[in-house]
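This report refers to the structure that appears directly beneath it.
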Amino acid sequence: MTTSLYTIDTPAAVIDLPRMMRNIARMQGRMNDLGVAFRPHVKTSKCEQVVRAQLNAGAQGITVSTLKEADRFFANGITDILYAVGMAAHRLPQALALRRRGCALTIVTDSVASALEIAEFGRNHDERFPVLIEVDTDGHRSGLDPHGDELLQVATVLHEGGMSLRGVMTHAGSSYELNTPDALRALAEQERAECVKAAERLRAAGFPCPVVSVGSTPTALSAADLRGVTEVRAGVYVFFDLVMHNVGVCGLDDIALSVLTTVIGHQREKGWAIVDAGWMAMSRDVGTSKQQRDYKYGQVCTIDGTPMAGCLLGSANQEHGIIVCEADMGGDIVARLPIGTRLRILPNHACATGAQFEHYLALQADGTLQEWGRFHGW
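Following the UniProt record's numbering, the numbering of the sequence shown begins with 1 at its first residue and continues without gaps.
Here you go:
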(Lines of atoms letter the chains of each structure in order from A and count residues from 1; the text may use other names and numbers.)
(Lines give C-alpha, C1' and ligand atoms only; values in the text may rest on other atoms or scores of the structure.)
Protein backbone atom coordinates (compact mmCIF):
# COMPACT_ATOMS: atom_id res chain seq x y z
CA MET A 1 0.00 0.00 0.00
CA THR A 2 1.38 3.38 -1.06
CA THR A 3 -0.06 6.41 0.64
CA SER A 4 0.50 9.69 -1.20
CA LEU A 5 0.86 11.28 -4.62
CA TYR A 6 3.44 13.57 -2.99
CA THR A 7 5.84 10.77 -2.04
CA ILE A 8 5.70 8.09 -4.74
CA ASP A 9 8.30 7.84 -7.49
CA THR A 10 7.51 9.49 -10.81
CA PRO A 11 6.47 9.04 -13.54
CA ALA A 12 3.57 6.87 -12.40
CA ALA A 13 0.28 5.77 -13.96
CA VAL A 14 -2.58 6.85 -11.70
CA ILE A 15 -6.18 5.62 -11.90
CA ASP A 16 -8.77 7.92 -10.35
CA LEU A 17 -11.05 5.24 -8.89
CA PRO A 18 -14.20 7.35 -8.44
CA ARG A 19 -13.96 8.41 -12.09
CA MET A 20 -13.32 4.85 -13.26
CA MET A 21 -16.28 3.47 -11.31
CA ARG A 22 -18.49 6.25 -12.68
CA ASN A 23 -17.42 5.37 -16.23
CA ILE A 24 -18.14 1.69 -15.65
CA ALA A 25 -21.58 2.44 -14.22
CA ARG A 26 -22.39 4.78 -17.11
CA MET A 27 -21.63 2.22 -19.81
CA GLN A 28 -23.24 -0.72 -18.03
CA GLY A 29 -26.34 1.32 -17.29
CA ARG A 30 -26.65 2.30 -20.93
CA MET A 31 -26.36 -1.31 -22.09
CA ASN A 32 -28.95 -2.38 -19.53
CA ASP A 33 -31.32 0.33 -20.79
CA LEU A 34 -30.82 -0.82 -24.39
CA GLY A 35 -31.42 -4.45 -23.44
CA VAL A 36 -28.14 -5.97 -24.64
CA ALA A 37 -25.33 -7.87 -22.97
CA PHE A 38 -22.05 -6.04 -22.50
CA ARG A 39 -18.67 -7.68 -23.10
CA PRO A 40 -15.92 -5.14 -22.24
CA HIS A 41 -12.70 -5.08 -24.22
CA VAL A 42 -10.06 -5.48 -21.51
CA LYS A 43 -7.03 -4.59 -23.65
CA THR A 44 -7.31 -1.06 -22.28
CA SER A 45 -6.40 -1.93 -18.71
CA LYS A 46 -4.96 -5.48 -18.79
CA CYS A 47 -5.54 -5.37 -15.05
CA GLU A 48 -7.42 -7.91 -12.95
CA GLN A 49 -8.86 -5.39 -10.49
CA VAL A 50 -10.24 -3.18 -13.26
CA VAL A 51 -11.82 -6.13 -15.06
CA ARG A 52 -13.35 -7.43 -11.82
CA ALA A 53 -15.01 -4.05 -11.35
CA GLN A 54 -16.46 -4.29 -14.85
CA LEU A 55 -17.79 -7.80 -14.27
CA ASN A 56 -19.18 -6.90 -10.85
CA ALA A 57 -21.13 -4.09 -12.51
CA GLY A 58 -22.88 -6.57 -14.78
CA ALA A 59 -20.62 -7.30 -17.76
CA GLN A 60 -21.06 -10.75 -19.29
CA GLY A 61 -17.74 -12.18 -20.41
CA ILE A 62 -14.77 -10.23 -21.74
CA THR A 63 -13.13 -9.35 -25.05
CA VAL A 64 -9.36 -9.65 -25.47
CA SER A 65 -6.87 -8.59 -28.13
CA THR A 66 -4.16 -11.15 -27.32
CA LEU A 67 -4.20 -14.78 -26.26
CA LYS A 68 -1.94 -13.82 -23.36
CA GLU A 69 -4.81 -11.70 -22.05
CA ALA A 70 -7.10 -14.70 -22.45
CA ASP A 71 -4.64 -16.92 -20.58
CA ARG A 72 -4.13 -14.49 -17.71
CA PHE A 73 -7.80 -13.70 -17.18
CA PHE A 74 -8.77 -17.36 -17.50
CA ALA A 75 -6.21 -18.14 -14.78
CA ASN A 76 -8.08 -15.58 -12.66
CA GLY A 77 -11.35 -17.43 -13.09
CA ILE A 78 -12.89 -15.72 -16.13
CA THR A 79 -14.02 -18.33 -18.65
CA ASP A 80 -16.25 -16.57 -21.23
CA ILE A 81 -13.70 -14.90 -23.52
CA LEU A 82 -13.84 -13.56 -27.08
CA TYR A 83 -10.48 -13.23 -28.85
CA ALA A 84 -11.47 -10.40 -31.20
CA VAL A 85 -8.49 -10.47 -33.57
CA GLY A 86 -8.47 -12.49 -36.78
CA MET A 87 -7.10 -15.95 -36.02
CA ALA A 88 -3.66 -16.73 -37.45
CA ALA A 89 -2.86 -20.41 -37.98
CA HIS A 90 0.20 -20.36 -35.73
CA ARG A 91 -1.96 -19.27 -32.77
CA LEU A 92 -4.41 -22.16 -33.08
CA PRO A 93 -2.37 -24.46 -30.77
CA GLN A 94 -2.46 -21.74 -28.10
CA ALA A 95 -6.22 -21.36 -28.54
CA LEU A 96 -6.63 -25.14 -28.38
CA ALA A 97 -4.65 -25.34 -25.13
CA LEU A 98 -6.90 -22.72 -23.54
CA ARG A 99 -10.05 -24.57 -24.57
CA ARG A 100 -8.67 -27.90 -23.34
CA ARG A 101 -8.13 -26.29 -19.93
CA GLY A 102 -11.79 -25.27 -19.80
CA CYS A 103 -11.76 -21.77 -21.26
CA ALA A 104 -14.89 -20.99 -23.31
CA LEU A 105 -12.81 -19.19 -25.92
CA THR A 106 -14.45 -17.90 -29.10
CA ILE A 107 -12.27 -16.97 -32.07
CA VAL A 108 -12.77 -14.76 -35.15
CA THR A 109 -12.18 -15.02 -38.89
CA ASP A 110 -12.87 -12.86 -41.92
CA SER A 111 -11.60 -14.95 -44.84
CA VAL A 112 -12.10 -18.30 -46.53
CA ALA A 113 -8.37 -19.03 -46.18
CA SER A 114 -8.43 -18.52 -42.41
CA ALA A 115 -11.69 -20.46 -42.05
CA LEU A 116 -10.13 -23.41 -43.89
CA GLU A 117 -7.14 -23.37 -41.52
CA ILE A 118 -9.40 -23.25 -38.47
CA ALA A 119 -11.58 -26.10 -39.75
CA GLU A 120 -8.63 -28.31 -40.69
CA PHE A 121 -6.84 -27.75 -37.38
CA GLY A 122 -10.05 -28.32 -35.46
CA ARG A 123 -10.79 -31.61 -37.22
CA ASN A 124 -7.22 -32.83 -36.78
CA HIS A 125 -7.39 -32.14 -33.04
CA ASP A 126 -11.01 -33.10 -32.45
CA GLU A 127 -11.91 -29.55 -31.41
CA ARG A 128 -15.10 -27.76 -32.45
CA PHE A 129 -13.96 -24.15 -32.23
CA PRO A 130 -16.69 -21.54 -31.68
CA VAL A 131 -16.17 -18.89 -34.37
CA LEU A 132 -17.56 -15.45 -35.16
CA ILE A 133 -17.31 -14.02 -38.67
CA GLU A 134 -16.10 -10.42 -38.66
CA VAL A 135 -17.94 -8.05 -40.99
CA ASP A 136 -16.89 -4.57 -42.08
CA THR A 137 -19.62 -2.04 -41.41
CA ASP A 138 -17.69 1.20 -41.96
CA GLY A 139 -14.64 0.58 -44.16
CA HIS A 140 -12.34 1.11 -41.21
CA ARG A 141 -10.24 -2.04 -40.90
CA SER A 142 -10.97 -5.78 -40.96
CA GLY A 143 -14.05 -7.71 -41.93
CA LEU A 144 -16.10 -9.02 -44.83
CA ASP A 145 -18.72 -7.13 -46.81
CA PRO A 146 -22.03 -7.90 -45.04
CA HIS A 147 -23.67 -8.06 -48.48
CA GLY A 148 -20.94 -10.04 -50.27
CA ASP A 149 -20.70 -13.68 -51.33
CA GLU A 150 -17.65 -14.40 -49.15
CA LEU A 151 -19.73 -14.11 -45.98
CA LEU A 152 -21.72 -17.20 -46.97
CA GLN A 153 -18.60 -18.95 -48.28
CA VAL A 154 -16.85 -18.55 -44.92
CA ALA A 155 -19.96 -19.76 -43.11
CA THR A 156 -20.08 -22.82 -45.35
CA VAL A 157 -16.43 -23.69 -44.69
CA LEU A 158 -16.89 -23.41 -40.93
CA HIS A 159 -20.23 -25.20 -40.76
CA GLU A 160 -19.33 -28.05 -43.10
CA GLY A 161 -15.90 -28.25 -41.49
CA GLY A 162 -17.46 -29.13 -38.15
CA MET A 163 -16.82 -25.85 -36.37
CA SER A 164 -19.43 -24.04 -34.24
CA LEU A 165 -20.55 -20.99 -36.22
CA ARG A 166 -21.61 -18.61 -33.47
CA GLY A 167 -22.51 -15.53 -35.48
CA VAL A 168 -21.11 -12.19 -36.59
CA MET A 169 -19.18 -9.31 -35.07
CA THR A 170 -18.05 -5.85 -36.14
CA HIS A 171 -16.15 -2.79 -34.90
CA ALA A 172 -16.99 0.67 -36.26
CA GLY A 173 -13.57 2.14 -35.58
CA SER A 174 -14.18 5.13 -37.83
CA SER A 175 -16.26 6.51 -34.96
CA TYR A 176 -12.96 7.83 -33.58
CA GLU A 177 -12.88 10.27 -36.51
CA LEU A 178 -16.25 11.86 -35.68
CA ASN A 179 -17.13 14.67 -33.28
CA THR A 180 -20.85 15.43 -33.38
CA PRO A 181 -23.75 13.60 -31.70
CA ASP A 182 -25.67 13.31 -34.98
CA ALA A 183 -22.72 11.76 -36.82
CA LEU A 184 -22.07 9.33 -33.97
CA ARG A 185 -25.73 8.28 -33.80
CA ALA A 186 -25.78 7.75 -37.56
CA LEU A 187 -22.67 5.57 -37.48
CA ALA A 188 -23.99 3.59 -34.50
CA GLU A 189 -27.14 2.85 -36.50
CA GLN A 190 -25.07 1.92 -39.56
CA GLU A 191 -22.96 -0.43 -37.44
CA ARG A 192 -26.09 -2.06 -36.00
CA ALA A 193 -28.01 -2.33 -39.27
CA GLU A 194 -25.15 -3.74 -41.32
CA CYS A 195 -24.17 -6.33 -38.73
CA VAL A 196 -27.81 -7.38 -38.25
CA LYS A 197 -28.13 -7.67 -42.04
CA ALA A 198 -25.16 -10.04 -42.13
CA ALA A 199 -26.80 -12.15 -39.42
CA GLU A 200 -30.09 -12.22 -41.33
CA ARG A 201 -28.31 -13.39 -44.48
CA LEU A 202 -26.65 -16.23 -42.58
CA ARG A 203 -29.94 -17.33 -41.05
CA ALA A 204 -31.74 -17.13 -44.38
CA ALA A 205 -29.09 -19.45 -45.83
CA GLY A 206 -29.72 -21.96 -43.05
CA PHE A 207 -26.74 -21.21 -40.83
CA PRO A 208 -26.91 -20.70 -37.06
CA CYS A 209 -26.27 -17.13 -35.93
CA PRO A 210 -27.07 -16.68 -32.24
CA VAL A 211 -24.52 -13.89 -31.67
CA VAL A 212 -24.61 -10.40 -33.19
CA SER A 213 -21.76 -8.46 -31.58
CA VAL A 214 -21.02 -4.79 -32.26
CA GLY A 215 -19.15 -2.01 -30.62
CA SER A 216 -16.75 0.82 -30.02
CA THR A 217 -16.83 3.26 -27.15
CA PRO A 218 -18.27 6.14 -29.25
CA THR A 219 -20.99 4.05 -30.91
CA ALA A 220 -21.89 2.24 -27.69
CA LEU A 221 -22.49 5.58 -25.99
CA SER A 222 -24.38 7.01 -28.98
CA ALA A 223 -26.67 4.21 -30.19
CA ALA A 224 -30.37 4.97 -29.90
CA ASP A 225 -31.54 1.50 -30.91
CA LEU A 226 -29.82 -1.89 -30.79
CA ARG A 227 -32.57 -4.12 -32.16
CA GLY A 228 -31.14 -7.39 -33.45
CA VAL A 229 -27.88 -6.98 -31.52
CA THR A 230 -27.10 -9.47 -28.75
CA GLU A 231 -23.97 -7.90 -27.26
CA VAL A 232 -21.85 -4.76 -27.33
CA ARG A 233 -18.07 -4.49 -26.94
CA ALA A 234 -16.17 -1.36 -25.86
CA GLY A 235 -12.89 -0.81 -24.06
CA VAL A 236 -11.42 2.66 -23.60
CA TYR A 237 -14.57 3.95 -21.87
CA VAL A 238 -13.26 2.53 -18.59
CA PHE A 239 -10.54 5.22 -18.48
CA PHE A 240 -11.46 7.52 -21.39
CA ASP A 241 -8.78 9.80 -22.87
CA LEU A 242 -8.27 12.99 -24.87
CA VAL A 243 -9.19 11.38 -28.18
CA MET A 244 -12.54 10.36 -26.70
CA HIS A 245 -12.92 13.87 -25.27
CA ASN A 246 -12.45 15.30 -28.76
CA VAL A 247 -14.95 12.80 -30.16
CA GLY A 248 -17.40 14.22 -27.65
CA VAL A 249 -18.29 11.22 -25.50
CA CYS A 250 -16.58 12.34 -22.27
CA GLY A 251 -15.45 15.42 -20.40
CA LEU A 252 -11.95 16.07 -19.16
CA ASP A 253 -13.24 15.28 -15.68
CA ASP A 254 -14.24 11.78 -16.84
CA ILE A 255 -10.68 10.79 -17.80
CA ALA A 256 -9.63 8.35 -15.10
CA LEU A 257 -6.04 7.62 -16.18
CA SER A 258 -3.25 10.17 -15.80
CA VAL A 259 0.52 10.17 -15.51
CA LEU A 260 1.95 11.71 -12.36
CA THR A 261 5.13 13.65 -13.11
CA THR A 262 7.60 16.00 -11.40
CA VAL A 263 9.02 19.30 -12.66
CA ILE A 264 12.79 18.80 -12.94
CA GLY A 265 13.93 21.96 -14.74
CA HIS A 266 13.09 25.02 -16.85
CA GLN A 267 13.94 27.03 -19.93
CA ARG A 268 12.74 30.38 -18.54
CA GLU A 269 13.25 32.35 -21.76
CA LYS A 270 11.18 29.86 -23.73
CA GLY A 271 8.53 29.54 -21.05
CA TRP A 272 9.16 25.81 -20.67
CA ALA A 273 8.92 23.57 -17.63
CA ILE A 274 10.76 20.26 -17.99
CA VAL A 275 9.20 17.16 -16.40
CA ASP A 276 10.27 13.54 -15.95
CA ALA A 277 7.44 12.12 -18.10
CA GLY A 278 8.58 11.79 -21.71
CA TRP A 279 7.25 9.52 -24.42
CA MET A 280 8.38 6.44 -22.48
CA ALA A 281 5.68 7.39 -19.97
CA MET A 282 3.03 8.94 -22.23
CA SER A 283 3.67 6.81 -25.36
CA ARG A 284 4.31 8.29 -28.79
CA ASP A 285 0.59 8.36 -29.59
CA VAL A 286 -0.43 11.84 -30.74
CA GLY A 287 -3.90 10.82 -31.83
CA THR A 288 -5.41 14.24 -31.18
CA SER A 289 -3.18 15.81 -33.85
CA LYS A 290 -5.79 14.96 -36.50
CA GLN A 291 -8.73 16.15 -34.42
CA GLN A 292 -10.20 19.61 -33.91
CA ARG A 293 -8.12 20.16 -30.73
CA ASP A 294 -4.50 19.04 -30.66
CA TYR A 295 -3.40 18.21 -27.13
CA LYS A 296 0.16 17.40 -28.27
CA TYR A 297 1.38 14.76 -25.74
CA GLY A 298 -1.25 15.46 -23.09
CA GLN A 299 -3.27 17.91 -21.02
CA VAL A 300 -1.47 19.21 -17.93
CA CYS A 301 -3.37 19.08 -14.63
CA THR A 302 -2.60 20.01 -11.06
CA ILE A 303 -1.78 17.19 -8.67
CA ASP A 304 -5.45 16.95 -7.70
CA GLY A 305 -6.44 16.37 -11.33
CA THR A 306 -7.74 19.84 -12.20
CA PRO A 307 -6.88 20.73 -15.83
CA MET A 308 -4.59 23.74 -16.20
CA ALA A 309 -6.19 25.57 -19.11
CA GLY A 310 -3.66 26.48 -21.77
CA CYS A 311 -0.91 24.14 -20.49
CA LEU A 312 0.04 21.08 -22.53
CA LEU A 313 2.84 18.57 -22.66
CA GLY A 314 3.97 20.22 -25.85
CA SER A 315 6.77 17.86 -26.82
CA ALA A 316 8.50 14.80 -25.46
CA ASN A 317 11.83 13.01 -25.59
CA GLN A 318 12.42 9.58 -24.16
CA GLU A 319 12.50 10.60 -20.48
CA HIS A 320 11.89 14.35 -20.72
CA GLY A 321 8.62 16.14 -21.31
CA ILE A 322 8.31 19.84 -22.10
CA ILE A 323 5.33 21.69 -20.68
CA VAL A 324 4.28 24.76 -22.62
CA CYS A 325 1.62 27.24 -21.55
CA GLU A 326 -0.23 29.79 -23.64
CA ALA A 327 1.51 33.18 -23.72
CA ASP A 328 -1.54 35.04 -22.46
CA MET A 329 -1.36 33.19 -19.14
CA GLY A 330 1.42 35.57 -18.11
CA GLY A 331 3.84 35.14 -15.25
CA ASP A 332 7.17 33.42 -14.88
CA ILE A 333 7.11 29.68 -15.60
CA VAL A 334 9.73 29.13 -12.87
CA ALA A 335 7.56 30.85 -10.29
CA ARG A 336 4.38 29.20 -11.50
CA LEU A 337 5.81 25.65 -11.70
CA PRO A 338 8.91 25.51 -9.48
CA ILE A 339 11.21 22.51 -9.46
CA GLY A 340 9.62 19.69 -7.49
CA THR A 341 6.05 20.60 -8.48
CA ARG A 342 3.95 17.51 -9.06
CA LEU A 343 1.51 17.46 -11.96
CA ARG A 344 -0.74 14.97 -13.69
CA ILE A 345 -0.94 14.58 -17.47
CA LEU A 346 -4.10 13.30 -19.17
CA PRO A 347 -3.20 10.98 -22.08
CA ASN A 348 -4.19 11.05 -25.73
CA HIS A 349 -4.70 7.28 -25.82
CA ALA A 350 -5.27 5.51 -22.51
CA CYS A 351 -4.49 2.05 -23.90
CA ALA A 352 -1.09 3.16 -25.19
CA THR A 353 -0.16 5.13 -22.07
CA GLY A 354 -1.18 2.32 -19.73
CA ALA A 355 1.02 -0.05 -21.73
CA GLN A 356 4.11 1.96 -20.72
CA PHE A 357 3.80 0.89 -17.07
CA GLU A 358 4.17 -2.34 -15.10
CA HIS A 359 1.49 -1.31 -12.63
CA TYR A 360 -1.11 1.32 -11.89
CA LEU A 361 -1.57 3.29 -8.70
CA ALA A 362 -5.27 3.25 -7.88
CA LEU A 363 -6.20 6.54 -6.21
CA GLN A 364 -9.12 6.25 -3.84
CA ALA A 365 -11.45 9.07 -2.81
CA ASP A 366 -9.60 9.51 0.48
CA GLY A 367 -6.30 10.06 -1.34
CA THR A 368 -4.72 6.69 -0.52
CA LEU A 369 -3.09 4.63 -3.24
CA GLN A 370 -3.00 0.93 -3.98
CA GLU A 371 -0.73 -0.79 -6.48
CA TRP A 372 -2.54 -2.78 -9.16
CA GLY A 373 -0.51 -4.99 -11.48
CA ARG A 374 -0.68 -4.81 -15.25
CA PHE A 375 0.67 -7.29 -17.76
CA HIS A 376 2.18 -7.02 -21.23
CA GLY A 377 3.02 -9.15 -24.25
CA TRP A 378 1.34 -11.61 -26.55
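Idealized CB from N, CA, C, for every residue including glycine. The structure presented is a predicted model; accordingly, all values stated were derived computationally and were not measured.
- Counting the other CB atoms within 10 Å of its CB gives LYS43 a total of 16 or more, which places it among the buried residues.
- Judged by beta-carbon spacing, HIS349 lies within the 8 Å limit of ASP241, meaning their Cβ atoms are closer than that value.
- Fully enclosed beta strand (DSSP E) runs of no fewer than 3 residues occupy 104-109, 130-134 of the region 88-157, in order along the chain.
- Taking a cut-off of 8 Å on C-beta distances, the region 320-335 does not touch the region 364-375, as fewer than three cross pairs fall below it.
- Excluding residues up to 5 positions away in sequence, nothing lies with its Cβ nearer than 6 Å to the Cβ of ASP225 in the same chain.
- LEU92 and PHE121 do touch by the CB rule: their CB atoms are close to 5 Å apart, below 8 Å.
- DSSP places GLY354 in the helix class (H, G or I) of the three-state scheme.
- In the same chain as ALA281, and ignoring 5 residues on each side of it, the C-beta atoms closer than 6 Å to its own belong to PRO11, VAL259, GLN356, in chain order.
- By the C-beta density criterion, THR180 is exposed, having fewer than 16 other C-beta atoms within 10 angstroms.
- Per DSSP, reduced to three states, the secondary structure at GLN190 is helical.
- In the structure shown, CYS311 falls within a strand segment according to DSSP collapsed to helix, strand and coil.
- Secondary structure note for ASP294: it is in no beta strand (DSSP E), with a DSSP letter that is neither H nor E.
- Using a 10 angstroms sphere on the CB of ASN246, the tally of other CB atoms reaches 16 or more, which defines it as buried.
- GLY265 places its beta carbon less than 8 Å from that of ILE339.
- Contact between the region 286-300 and the region 357-367 is absent: fewer than three C-beta pairs spanning the two stretches fall below 8 Å.
- In the displayed model, GLY287 falls within a helix according to three-state DSSP.
- Ranking GLU127, VAL85, ASN76, ASP80 by CA distance to the CA of ARG100 puts GLU127 first.
- If you draw a straight line from the Cα of SER114 to the Cα of ILE133, it is about 11 Å long.
- For GLY377, no alpha helix (DSSP H) run applies, since DSSP gives it neither H nor E.
- Taking the C-beta atoms as reference points, GLY228 is found nearer than 8 Å to VAL196.
- Leaving aside the five residues that flank ILE24 on each side, the residues in its chain whose CB is nearer than 7 Å to its CB run, in chain order, ALA53, GLN54, ALA57, VAL238.
- In the DSSP assignment, VAL51 falls within the alpha helix (DSSP H) that extends over 48-56.
- Per DSSP, reduced to three states, the secondary structure at CYS325 is strand.
- Separation of LEU337 and ARG293 (C-alpha to C-alpha, rounded to the nearest whole angstrom) is 24 Å.
- The beta carbon of VAL275 sits closer than 7 Å to the beta carbons of THR261, THR262, VAL263, ILE264, GLY321, ILE323, LEU343 from its chain, once the five residues preceding and following it are set aside; these are given in chain order.
- 8 Å or more divides the Cβ of ALA95 from the Cβ of ASP138.
- For ARG39, no alpha helix (DSSP H) run applies, since DSSP gives it neither H nor E.
- In this structure, VAL232 keeps its C-beta atom at 8 Å or more from the C-beta atom of GLY248.
- Its chain contains VAL249 as the residues whose beta carbon lies nearer than 6 Å to that of LEU221, once the 5 sequence neighbours on both sides are disregarded; these appear in chain order.
- In this chain, the beta strand (DSSP E) harbouring ILE264 covers 257-267.
- SER4 has its alpha-carbon roughly 38 Å from the corresponding atom of LEU178.
- Counting C-beta atoms within 10 angstroms of its own C-beta, LYS290 has fewer than 16 neighbours from the protein chains shown and is therefore classed as exposed.
- Between HIS41 and GLY235, the CB-CB gap stays under 8 Å.
- Around the Cβ of THR288, a 10 Å sphere holds 16 or more other Cβ atoms; the residue is buried.
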